[in-house]
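Residue numbers (my numbering): 2 to 104.
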């Protein structure tokens, strides 16, 4: 079984592109299409590792990123994204708390 390094609500930084974000979901391995991978995963990280759905700071974009491309963000700075308040209900100890009303 694959063990994820990061958790939902955790702040992360993309190690190559430098953008910050917050994790909203995680998959134990790559789950999108091969065509998406060929087009979007330009560094070709392994599909056999956790992949994370991330709300990108100062944007309305959501990304899908391999664990090997992420680093912890210890800045504790707020994430500016239109979906943050829909997914989370605040922040504690530098991590967002998942809203309980999600289905």
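Here a beta-carbon is modelled for each residue, glycine too, at the ideal position from N, C-alpha and C.
- Message: What does the Cβ neighbour count give for residue 51, buried or exposed, with the cut at 16 atoms within 10 Å?
- Response: Classified as buried, residue 51 has 16 or more neighbouring CB atoms from the shown chains inside 10 Å of its CB.
- Could you tell me the distance, in whole angstroms, from the CA atom of residue 108 to the CA atom of residue 6? Examination of residue 108 is not possible in this model, given that the chain is present from 2 through 104 alone.
- Between 22, 18 and 49, which lies nearest to residue 33 when the distance is taken from Cα to Cα? For residue 33, the closest C-alpha among the options 22, 18 and 49 is that of 49.
- CA-to-CA distance, residue 25 to residue 101, given in whole angstroms: Rounded to whole angstroms, the separation of the alpha carbons of residue 25 and residue 101 is 13 angstroms.
- Query: Which residues bound the alpha helix (DSSP H) around residue 28?
  - Reply: Taken as a continuous stretch (DSSP letters only), residue 28 belongs to no alpha helix (DSSP H), being part of the beta strand (DSSP E) at 21-28.
- Item | Three-state secondary structure (DSSP) of residue 68 | Residue 68: helix per DSSP, three-state reduction.
- Task: Can you give me the Cβ contacts of residue 73 inside the same chain, cut-off strictly under 8 angstroms, excluding the 5 residues immediately before and after it?
- Result: Taking residue 73 as the centre and dropping the five residues before and after it, the same chain places the C-beta of 7, 11, 12, 13 and 14 closer than 8 angstroms to its C-beta, in chain order.
- When DSSP labels each residue in this structure, what does residue 36 get in the three-state scheme? DSSP places residue 36 in helix when its eight states are reduced to three.
- Query: So, is the C-beta of residue 21 closer than 8 angstroms to a C-beta in chain B?
  - Reply: The structure shown has no chain B; it contains just one protein chain.
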